[in-house]
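Q: Let me begin by handing over the structure; questions about it come next.
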Amino acid sequence: MATVVMEEKKPLWHAIVSNAKTFVEGQESVFDALWSKASPAEQRIREIEEGLKPAFIETISNPSEIENLAIDLVKSAKEEIMIIFSTANAFERQILRLLEETDPIVKVRILVPADLELKDSITNKLDENQRIEIRYFVNSSLQTRLTTLIGDRKYSLVVELKDDRKDNSYEAIGLATYSNSESTVWTPASIFEILWIKSELENEERINQKAGS
Numbered sequence: 074m075a076t077v078v079m080e081e082k083k084p085l086w087h088a089i090v091s092n093a094k095t096f097v098e099g100q101e102s103v104f105d106a107l108w109s110k111a112s113p114a115e116q117r118i119r120e121i122e123e124g125l126k127p128a129f130i131e132t133i134s135n136p137s138e139i140e141n142l143a144i145d146l147v148k149s150a151k152e153e154i155m156i157i158f159s160t161a162n163a164f165e166r167q168i169l170r171l172l173e174e175t176d177p178i179v180k181v182r183i184l185v186p187a188d189l190e191l192k193d194s195i196t197n198k199l200d201e202n203q204r205i206e207i208r209y210f211v212n213s214s215l216q217t218r219l220t221t222l223i224g225d226r227k228y229s230l231v232v233e234l235k236d237d238r239k240d241n242s243y244e245a246i247g248l249a250t251y252s253n254s255e256s257t258v259w260t261p262a263s264i265f266e267i268l269w270i271k272s273e274l275e276n277e278e279r280i281n282q283k284a285g286s
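For the sequence shown, the numbering used here begins at 74 and goes up steadily by one.
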């Protein structure tokens, strides 16, 4: 049976009942398509009870929307923000605006390319914030074209670099992937932690070499 969707609280006024094979198969196809995209009832109930947003993965191509999402993500973070900048230019284009939007009590950890030379204006701004920690990593093919932003280990925004020569983010960035899926967020968060630990070990090694010489 197929029914016409009516307005709330109004009686059903039209329905089609059929045992024709093509009609039944068509309705089954509609149901199967919806079923494949639906969430288990237990999961949705838990999300409602705990105030969680259903898991999602979105691909975004609009630069303005990507920039707004980045701002919303850092503004909504309550505990920690992790950022991997793909290039020195990407860092300089975005860092100050992002930091202006973060809550003063939120811890910020940033990874930037090892060859980055910070401008005085940026250095002074960062020195004023004791909650911000920056480490340097040797850029790899994995990170060359991607800037990653992770908020509270619950949301991730991975942005592709389209043209690093541009002065503004609108022209520089390409596609972005935005998600709160646990498995999707876990991957960039793990990459961040690996690079973070590695950068610290490399720094200690340099210090020891200087001390030895």
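For glycine and all other residues, C-beta sits at the position ideal for the given N, C-alpha and C.
How is the alpha helix (DSSP H) around Arg182 delimited, first residue to last?
A: Counting along the chain, Arg182 falls outside any alpha helix (DSSP H), though it belongs to the beta strand (DSSP E) covering Lys180 to Pro186.
Q: According to DSSP, is Leu215 helix, strand or coil?
A: Residue placement at Leu215 is poorly supported in this model, since its pLDDT is 49, which falls under 50; the coordinates still yield a value, given next. Reduced to three states, the DSSP call for Leu215 is coil.
Q: Quick one, are the C-beta atoms of Ser272 and Arg218 less than 8 Å apart?
A: Not a contact, by the Cβ cut-off of 8 Å.
Q: Leaving out five residues before and five after Ser134 in sequence, what residues of the same chain have Cβ atoms less than 6 Å from its Cβ?
A: The answer, listed in chain order, is Leu248.
Q: So for Val147, helix, strand or coil by DSSP?
A: Reduced to three states, the DSSP call for Val147 is helix.
Q: How far does the alpha helix (DSSP H) with Ser242 in it reach, from first residue to last?
A: Per DSSP, Ser242 belongs to the alpha helix (DSSP H) from Ser242 to Ala245.
Q: Quick one: what does DSSP say Glu266 is sitting in, helix, strand or coil?
A: Glu266 falls in the helix class under three-state DSSP.
Q: If we ignore side chains and look at the alpha-carbon of each, how far apart do Leu215 and Leu107 end up?
A: With a pLDDT of 49 at Leu215, under the threshold of 50, the modelled position of this residue cannot be trusted, and the question is left open.
Q: From the DSSP output, read off the bridge partner residues of Val232.
A: Bridge partners of Val232: Thr220 and Ala249.
Q: Look at Arg170 and Ala245 and say whether their C-beta atoms are less than 8 Å apart.
A: Going by C-beta atoms, Arg170 is not nearer than 8 Å to Ala245.
Q: Taking the beta carbon of Ser229 as the centre, do at least 16 other beta carbons fall within 10 Å, making it buried, or is it exposed?
A: Ser229 comes out buried.
Q: Going by C-alpha to C-alpha distance, which of Arg226, Leu222 and Pro136 sits closest to Ser242?
A: Closest option to Ser242, Cα to Cα, is Pro136.
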